[in-house]
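Structure first, then comments.
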Amino acid sequence: MIYQPMKDGDNVKFKIEQPKILVELLETKSIRSLESKDEISNGVIENTTIESQDAIKVSMDKMIFRNVTITESSLEQIELTDIVFENCDFSNVNFSSSFMHRIEFRNCKLIGTSFSQSRFQNVRFLDCLGDFANFRFATFKQAGFEDCSLISADYYNSTFQKIFFTRCNIDQAYMIGSKLMGVDLSDCTFDELSVELQDLDGCMISSHQASTFVGLMGMIIR
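All residue numbers in the sequence shown are consecutive under the UniProt record's numbering, ending with 222.
Structure follows, in structure tokens:
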């Protein structure tokens, strides 16, 4: 079992720190239940389902999760550092008010997952299915989404500090209140995007995407 760091994304103009994991120190572990303020570290958890958990301020670091499903659970204020999630399903899980540092989500299902009011620092989402995910009032600092489906994802009033979206489907994403200065959406797919005109200053789009925003300026295309 070897941890393979991901290569930098095509549109990355800043460095995202990789998870710092010493594979030789990891032990195979299992989680049957989680209690508030549990601390778990230096482990590999795979091929399991964790159900009906309700805990706050759980702390995890230096972990690899592979083929793990969490269902019907609320893990608010979870603190995650140096973790890789591979082929995991966290759909509809409540991770609100969480803190994530040096994290990679690879090929994960995050449909309807709540990350509201969370802080993401050095976090990458790769090939993830995040339709209807909730990122309201979240803070992103050195974070990226690559080849993800983010249809109807909600970024209302999020703070974007060094964030990128590469080859993502962000159709009908809700970004009102989120400043898009320096954010490049030019290779993303969308027919409709909920934004405010003042938040588009400095946002980079392609020429064929321009018509999506014409209505915000009171113009009509004939």
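Note that beta-carbon positions come from the ideal geometry of N, C-alpha and C, so glycine has one too.
Count the other CB atoms, across all protein chains shown, that sit within 10 Å of the CB of residue i; report buried if there are 16 or more and exposed otherwise.
i	result
residue 23	exposed
residue 211	exposed
residue 196	exposed
residue 16	buried
residue 67	exposed
residue 208	exposed
residue 5	In this prediction, residue 5 scores a pLDDT of 47, lower than 50, which makes its location untrustworthy; no coordinate-derived value is stated.
Under DSSP, the beta strand (DSSP E) around residue i begins and ends at which residues?
i	result
residue 143	139 to 146
residue 113	Run containing residue 113: none; DSSP gives neither H nor E here.
residue 80	79 to 86
residue 59	59 to 71
residue 39	39 to 51
residue 161	159 to 166
Tell whether a beta-carbon distance below 7 Å holds between residue i and residue j.
i	j	result
residue 144	residue 164	yes
residue 223	residue 92	Given a span of 1 to 222 for the chain in the structure shown, any question on residue 223 remains unanswerable.
residue 42	residue 62	yes
residue 131	residue 97	no
residue 121	residue 141	yes
residue 100	residue 80	yes
Could you give the C-beta distance for residue i and residue j, rounded to a whole number, given that I count them as a contact under 8 Å?
i	j	result
residue 187	residue 166	6 Å
residue 199	residue 175	7 Å
For residue i, list the residues DSSP reports as bridge partners.
i	result
residue 129	109, 149
residue 134	114, 154
residue 27	43
residue 120	100, 140
residue 173	193
residue 204	184
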